[in-house]
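Each residue of the sequence shown is one higher than the one before, counting from 1 in UniProt numbering. Ideal Cβ positions, reconstructed from N, Cα and C, are used throughout, including at glycine.
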Amino acid sequence: METIKIPYGNDTKEFRVPKKNIVGVYSPKDFEAVPDVRREVVRAVNHPIGTKTVKELAQGAQKVVLVADDNTRLTPTDKIIPILLDELNDAGVKDEQITVIIALGTHRFMTQDEILLKFGEEVVRRVTIKNHDYKNFDLLEDLGETSNGTRILVNKEVVQADFKIGIGSIVPHIVPGFAGGAKIVQPGISGEQTTAGTHLLSFRSPRLNLGLRENPVRNELNSIAKAVGLHTIVNTVLNRHGGAVGVFYGDTVEAFNAGVDLAEKVYSVEIPEKADIVVAGSYPCDLEFWQAHKALYPADLAVKTGGIIILATPCPEGVAVMHADALEITNKSIAAIENMISRKEIQDEVAASAVIGWARVKEHASVYLVSDGICDEDAMKLGFTPCVSIDKALEKAFVEKGCDAKVTVLTHAPDMLPVVKGTK
1 METIKIPYGN
11 DTKEFRVPKK
21 NIVGVYSPKD
31 FEAVPDVRRE
41 VVRAVNHPIG
51 TKTVKELAQG
61 AQKVVLVADD
71 NTRLTPTDKI
81 IPILLDELND
91 AGVKDEQITV
101 IIALGTHRFM
111 TQDEILLKFG
121 EEVVRRVTIK
131 NHDYKNFDLL
141 EDLGETSNGT
151 RILVNKEVVQ
161 ADFKIGIGSI
171 VPHIVPGFAG
181 GAKIVQPGIS
191 GEQTTAGTHL
201 LSFRSPRLNL
211 GLRENPVRNE
221 LNSIAKAVGL
231 HTIVNTVLNR
241 HGGAVGVFYG
251 DTVEAFNAGV
261 DLAEKVYSVE
271 IPEKADIVVA
281 GSYPCDLEFW
291 QAHKALYPAD
301 LAVKTGGIII
311 LATPCPEGVA
321 VMHADALEIT
331 NKSIAAIENM
341 ISRKEIQDEV
351 AASAVIGWAR
361 VKEHASVYLV
371 SDGICDEDAM
381 KLGFTPCVSI
391 DKALEKAFVE
401 KGCDAKVTVL
411 THAPDMLPVV
421 KGTK
């Protein structure tokens, strides 16, 4: 037997698998972090990709907005933003002319303690920081539609700013292929209707977008960011320990693409074959199932049709704080959900899009859930089989798939891109 540990919130989960059954235990590659993140940010902003420096672009700006990701991401905003503030000061922009908008998408508001932890004392002291409110129509600007017909509702304060920088990280993501770049605008600072449009486009695609650099959703995001007037981005690529291995500053599309080159190397893992059983840890996306579901899609790429995914996730905030409707429709088929959407019977279409994604996974494999934060009743509503531990889940899975069943472990599944050897 081999004892395996995977991250589980701030702790770990330990379980045992017979050595003869193990295909492999996989994690994002151990790229070494840069020794000094601040120095790397300084280097990046002074060597822009496809655009000019912050000092050059911000000249004469009266109102500047930094759009930054929230505490569901590990982006070192506390180290990036002070450098940007200093660069803006050098361009003649004072701290009181700068606002940080937290790109929550459809997540809950961050608390003051969470803001302090995420952004650091210096940033909190120097500039105003605001949560984006995707449901408050009075705070959104209507910029029409994309060429694909997606309505563009975005944060009014960001639209009205003279200079805008997006701050985030690049990781594989089910909706646009990779997080980062224009994703800081959509869904980051968008309204509900806009986010529903892009997410439904993604989950209705014949092939899920995870790991695809170019796809229709990414094109939509780029169009929306262009309409908003996002000038530049600062994107990091992180290793599995949260250390920055690269910082990219520049044009929203060009700097993002440069970052994806590195992200593909960090997060792609070659597996020899698909397994009967895949154990997937949800770290670092484990605050609630709305984040943890990202672990399902890499696991889905690594499991055989008819196989079993064992998802281990703490989810201290339960299923979905801002999308309670999701739990009430997860027992329905994709066709039934689509019919409900067409008949306007679902108010939360963002939730409906995610449920379609979960349903696609469940059509391919069974899901066993090990979670301290999701009760058995809610697990069963999600269409999952609740288990008290990974060991118990494995016992049940071996009964189902046989004693010779092959097992793959994805330690940090949300940030991974499994690729079966010999395929692309």
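Check	Outcome
Q291, buried or exposed, once every other Cβ within 10 Å from all chains shown has been counted against 16	buried
Contact under 8 Å by Cβ, G180 with F119	no
Same chain, Cβ closer than 8 Å to G318, neighbours up to 5 away in sequence not counted	E288, F289, G373, I374 and D378
Limits of the unbroken alpha helix (DSSP H) element including F31	F31 -> no alpha helix (DSSP H), and no H or E assigned at all.
DSSP three-state assignment for H364, whether helix, strand or coil	helix
Rounded Cβ spacing between K203 and S353 (contact assumed at less than 8 Å)	Looking at the sequence shown, residue 203 is not Lys but Phe. Going by Cβ atoms, the distance from F203 to S353 rounds to 5 Å, so yes, they are a contact pair.
Whole-angstrom distance between V17 and A393, CA atom to CA atom	11 Å
G246 and T236 closer than 8 Å at C-beta	yes
Residues near N222 in its chain [Cβ-Cβ closer than 8 Å; skip 5 each side]	G181, A182, T252 and V253
Sheet register partners of R16 (DSSP bridge)	T3
E2 to H47 span [Cα, whole Å]	47 Å
For A58, three-class secondary structure by DSSP	coil
Exposed unless 16 or more other CB atoms sit within 10 angstroms - verdict on S389	exposed
Bridge partner(s) assigned by DSSP for T128	T99
Contact under 8 Å by Cβ, A275 with V321	no
Exposed unless 16 or more other CB atoms sit within 10 angstroms - verdict on F137	exposed
Minimum C-alpha distance to N215 - residue among A227, I174 and T195	I174
Closest residue to L85 among P7, T111, G105 and V123 (Cα-Cα distance)	V123
Helix, strand or coil at R151 according to DSSP, with G and I counted as helix	strand
Whole-angstrom distance between R151 and I193, CA atom to CA atom	Here residue 193 turns out to be Gln, not Ile, going by the sequence shown. Distance between the alpha carbons of Q193 and R151: 7 Å.
Candidates I129, R218, L262 and T385, of which the one nearest N148 by Cα	R218
Proximity of A326 and A413 at Cβ, strictly below 8 Å	no
Coil, strand or helix - N136 by DSSP	coil
Opposing strand residues paired with K164 [DSSP bridges]	V65
Given 8 Å, three or more beta-carbon pairs between the segment 81-97 and the segment 49-57	yes
The segment 308-317 / the segment 333-345 touching (three or more Cβ pairs under 8 Å)	no
Candidates K226, S366 and I83, of which the one nearest E145 by Cα	K226
Cβ neighbours of K13 in the same chain (closer than 6 Å, five flanking residues each side left out)	I6, A312 and I390
Supposed close pair Q186, I129 - CB separation, criterion 8 Å	The Cβ separation is near 21 Å, so there is no contact.
Residue of V355, H293 and P284 minimising C-alpha distance to E10	Note that residue 10 is Asn in the sequence shown here, rather than Glu. Comparing Cα-Cα distances from N10 to each of V355, H293 and P284, the minimum goes to P284.
Bridge-paired residues (DSSP) for residue 442	Nothing about residue 442 can be reported from this structure: the residues present for the chain run from 1 to 424 only.
Three-state secondary structure (DSSP) of T384	In the sequence on display, residue 384 carries Phe and not Thr. The answer is coil: DSSP assigns F384 none of H, G, I, E or B.
Cα-Cα separation between K344 and H132, rounded to whole angstroms	26 Å
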